[in-house]
Amino acid sequence: MQLRLGFFGVLVLQVLTCPPALVALQAGDSFQLHFLNVGQGDATLIQLGNKGVLVDAGRGDDIVLLLQDLGVDTLLAAIASHNHDDHIGGMDAVLADWPVGRYLYNGLDAPNRNAAAVLEWLDARGVPSPDPPWEPIVLGDAVIRVLPSPLEDQGDENNASLVVLVERGRFRALLTGDSEVEELNALLAARLVGDVDVLKAAHHGARNGVTPGWLQRTRPEVVVISVGPNNYGHPDPWAMRYYQAGGRRVLRTDREGTVTVTVEGGAV
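For the sequence shown, position 116 matches number 116 in the working numbering, and the numbering has no gaps at all.
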């Protein structure tokens, strides 16, 4: 299934119901966002050729095979939106198997064994983990900006989620980790976000991860929900009604599998 929208060149939205191993990258300037099917967790690969930026790594080592199948051999950066197991459970395996240019996270003390293992790998491999504000990450002609939570003295992991803005030409995508209403409202008040084409739903489509004001500001045409079998009620039916309002396309990794957005180069 494909959805064509008029952004920088053409945005082709491919819902991959086949295994990721069957994904064929286009030559040259094919720029892709892979919302990876990692079950009840979160992992997104931003890819250009054999290079990429990874945002979160799911709950376990499945991320290793997914990245191998997509042909990535270098990660310019690995980004942890926050330190919960379903977002960084596979990060130590990534750090063990791939050269990583830098590691960005919210700076909170490691709340679990996985977070502690990641910090040990960073030290062992000599991977830099700079403090914010962070320089934009340049991947070809795309720019990836990582925004720390605007909430001060935030000890809650969800509301300390890093937010990632991906820009290529006129195309914009926003990844929001497990941000809840408090952080979303702070982002709006600080005017850190605007219109986007693709929005990764906050907190796996939870009710506390969306408001009418948030969608009015971001105005996404496509919403991707990273979710799997769970006991939390994700995605919430109330939240789904908001996401689907106005004809937005809503895609779920538990139903469609890995979702790949391809932004093709060229003049509009």
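Virtual Cβ for every residue (Gly too), placed ideally from N, Cα, C. A quick note: this is a predicted structure, and the numbers were derived from the prediction, not measured.
Under 8 Å between C-beta atoms of residue i and residue j
i	j	result
Asp-42	Asp-73	no
Leu-174	Leu-199	yes
Pro-136	Ile-144	yes
Ala-93	Val-127	no
Leu-54	Ile-79	yes
Ala-189	His-82	no
Leu-277	Leu-95	In this structure the chain extends from 1 to 268, so residue 277 is not present and cannot be described.
Leu-119	Ala-110	yes
Glu-182	Leu-215	no
Asp-254	Gly-213	no
Pro-220	Arg-248	yes
Val-166	Leu-48	no
Asn-106	Pro-148	yes
Distance between beta carbons of residue j and residue i, contact taken as under 8 Å
i	j	result
Thr-258	Leu-67	Not really, about 12 Å apart at Cβ, beyond 8 Å.
Asp-197	Arg-217	Between Arg-217 and Asp-197 the Cβ distance is about 14 Å, and since that is not below 8 Å, they are no contact.
Val-146	Leu-162	6 Å
Ala-206	His-234	6 Å
His-84	Asp-236	With 8 Å as the limit, His-84 and Asp-236 do not qualify as a contact, their Cβ atoms being about 18 Å apart.
Tyr-232	Val-210	That pair is no contact at about 15 Å.
Val-100	Leu-75	5 Å
Phe-31	Arg-168	6 Å
Arg-102	Ala-77	5 Å
Glu-290	Leu-108	Given that the chain is displayed from residue 1 to residue 268, the structure contains no residue 290 and the question cannot be resolved.
Gln-40	Asn-208	That pair is no contact at about 17 Å.
Those residues which DSSP pairs with residue i across a bridge
i	result
Gly-52	Gln-47 and Leu-75
Ile-225	Arg-252
Gln-32	Gln-47 and Thr-262
>> In chain order, what are the residue ranges of uninterrupted alpha helix (DSSP H) at least 4 long that sit wholly in the stretch 88 to 162?
In response: 91 to 97 and 113 to 125
> Are the stretch 58 to 67 and the stretch 205 to 225 in contact at 8 Å, needing three or more beta carbon pairs?
Replying inline: no
>> Report the start-end ranges of each beta strand (DSSP E) in the stretch 163 to 225 that is 3 residues or longer and not cut off at the edges.
In response: 163 to 168, 171 to 175, 198 to 200 and 222 to 225
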